[in-house]
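Note that our numbering has the sequence shown beginning at -12, numbered continuously upward. First comes the structure, then the notes that go with it.
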Amino acid sequence: MEEARREAKRRATGLPASESKPVARGVVRGLKMLLVTILLVIVGVGLALVLYFTPAMSARNIVVVGTGVVTREEVLDVAQVRLGTPLLQINTSQVADRVAAIRRVASARVQRQYPSALRITIVERVPVAVKDFPDGPHLFDRDGVDFATGPPPPALPYLDVADPGPNDPATKAALQVLTALRPEVQDQVGRIAAPSVASITLTLGDGRVVIWGTTDRTDEKAEKLSALLTQPGKTYDVSSPDLPTVK
């Protein structure tokens, strides 16, 4: 009898018997998924607010890595990060930019280390050449950046160019050659001169001269020069690496 009444009701509404229940189940499932999504969003936002505004995960320790000549105190001074600041409130890109502004720093990276540390990693500039100025010797790195003034390390080559700097073609050419030399040759260089990008010469510590020419085929020239310097002579010409000469 009950089944007959349900069938009569179905016919009165004009719906197939199989459609009413699946529709109801689909609506329930959709509502459940919506509620779960809303709860997850609420929990996520709440957790983010807790981490952002409370000291639950704050910078209780600042680790500085990569210092040599640059001191930890210098890095912390320009980083301007207060201990106890929630980690999520620290703009790591801005801190890295401030640290990288130190003359001796080539690059800086700042990372949050949960739950309570900030890590600052720096790479210091390495001097490859020196040039005298009225206020004293200036040190230059491989990119031609003038990053320090003061006594140079022993045996650092002298950079003989008119207007040294990272955007000066002669500076870039001279340093490209200098950094391409084999270590055993680089250690012998006392001066590198580039009155133009097409006229580069090296003077070794013992007075021998290397005529380099342009930066074309620099790697080949560096390889030829290593072998050539084993021969006695005063002038070594590798401007044409196919026909190197010794005089």
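Glycine residues also receive a C-beta, built at the ideal position from the N, C-alpha and C atoms.
Where does R47 sit, in a helix, a strand or coil, going by DSSP? Start at 1 with the first residue of the sequence shown, and residue 47 comes out as number 60. DSSP places R47 in coil when its eight states are reduced to three.
Look at the Cβ atom of R178, then the Cβ atom of S103, and state whether they are nearer than 7 angstroms. Residue numbering aside, residue 178 sits at position 191 when the sequence shown is read from its first letter. Residue numbering aside, residue 103 sits at position 116 when the sequence shown is read from its first letter. No; because the gap between Cβ atoms is not below 7 angstroms, this pair is not in contact.
From L146 to G71, what does the alpha carbon distance come to, in whole angstroms? By one-based count along the sequence shown, residue 146 stands at place 159. By one-based count along the sequence shown, residue 71 stands at place 84. Their backbone Cα atoms lie some 47 angstroms apart in a straight line.
Under a Cβ-count criterion, where at least 16 other Cβ atoms within 10 Å of its own Cβ denotes burial, should E6 be classed as buried or exposed? In the sequence shown, counting from the first residue as 1, residue 6 sits at position 19. Residue placement at E6 is poorly supported in this model, since its pLDDT is 48, which falls under 50; the coordinates are not used for a value here.
Please determine, among P121, L143, D84, the residue with the shortest C-alpha to C-alpha distance to R286. With the chain covering only -12 through 234, there is no way to say anything about residue 286.
What residues are listed by DSSP as bridge partners for Q98? Position 111 of the sequence shown, counted from the first residue, corresponds to residue 98. Paired residue(s): R106.
Helix, strand or coil: how does DSSP classify R178 here? To locate residue 178, count along the sequence shown from 1; it is residue 191. The answer is strand: DSSP assigns R178 an E or B state.
Tell me which same chain residues have a C-beta within less than 7 angstroms of the C-beta of A160, skipping the five on either side of it? Indexing the sequence shown from 1 puts residue 160 at position 173. Result list for A160: A181, V184, I187, T202, in chain order.
Quick check: what's the CA-CA separation for A83 versus A214? Position 96 of the sequence shown holds residue 83. Position 227 of the sequence shown holds residue 214. Rounded to the nearest angstrom, the two C-alpha atoms are 44 angstroms apart.
How is the beta strand (DSSP E) around K234 delimited, first residue to last? Position 247 of the sequence shown, counted from the start, is the residue given in the question as residue 234. K234 -> no beta strand (DSSP E), and no H or E assigned at all.
Do T220 and K211 have their C-beta atoms within less than 7 angstroms of each other? Counted from its first residue, the sequence shown places residue 220 at position 233. Counted from its first residue, the sequence shown places residue 211 at position 224. Correcting the residue type first, residue 220 is Gly in the shown sequence and not Thr. Not in contact: G220 and K211 (Cβ atoms no closer than 7 angstroms).
Per-residue DSSP class, three states only, for I25: Numbered from 1 along the sequence shown, position 38 holds the residue referred to as residue 25. It is helical.
Determine the direct distance from the alpha carbon of E207 to that of P228, and round the result to whole angstroms. Locating residue 228 in the sequence shown gives position 241, where the first residue counts as 1. Locating residue 207 in the sequence shown gives position 220, where the first residue counts as 1. Going from the Cα of P228 to the Cα of E207 covers about 7 angstroms.
Given 8 angstroms as the limit, is there contact between the stretch 73 to 81 and the stretch 50 to 63, that is, 3 or more CB pairs closer than that? no
Straight-line Cα distance separating A43 from L162: As a working mapping, residue 162 is identified with position 175 in the sequence shown. As a working mapping, residue 43 is identified with position 56 in the sequence shown. Their backbone Cα atoms lie some 50 angstroms apart in a straight line.
Start-end ranges of the beta strand (DSSP E) lying completely within the stretch 141 to 209, minimum 3 residues: 145 to 147, 176 to 180, 187 to 191, 196 to 200
Name the one or two DSSP bridge partners that E111 has. As a working note, residue 111 is residue 124 in the sequence shown. Paired residues: V92.
Look at F134 and R96 and say whether their C-beta atoms are less than 7 angstroms apart. Along the sequence shown, read from residue 1 onward, the residue named residue 134 stands at position 147. Along the sequence shown, read from residue 1 onward, the residue named residue 96 stands at position 109. Not in contact: F134 and R96 (Cβ atoms no closer than 7 angstroms).
Select from V172, G192, V86, A157 the residue whose C-alpha is nearest the C-alpha of A52. Looking up residue 52 in the sequence shown gives position 65. It should be pointed out that residue 52 corresponds to Val in this sequence rather than to Ala. V52 has its Cα closest to that of V86, out of V172, G192, V86, A157.
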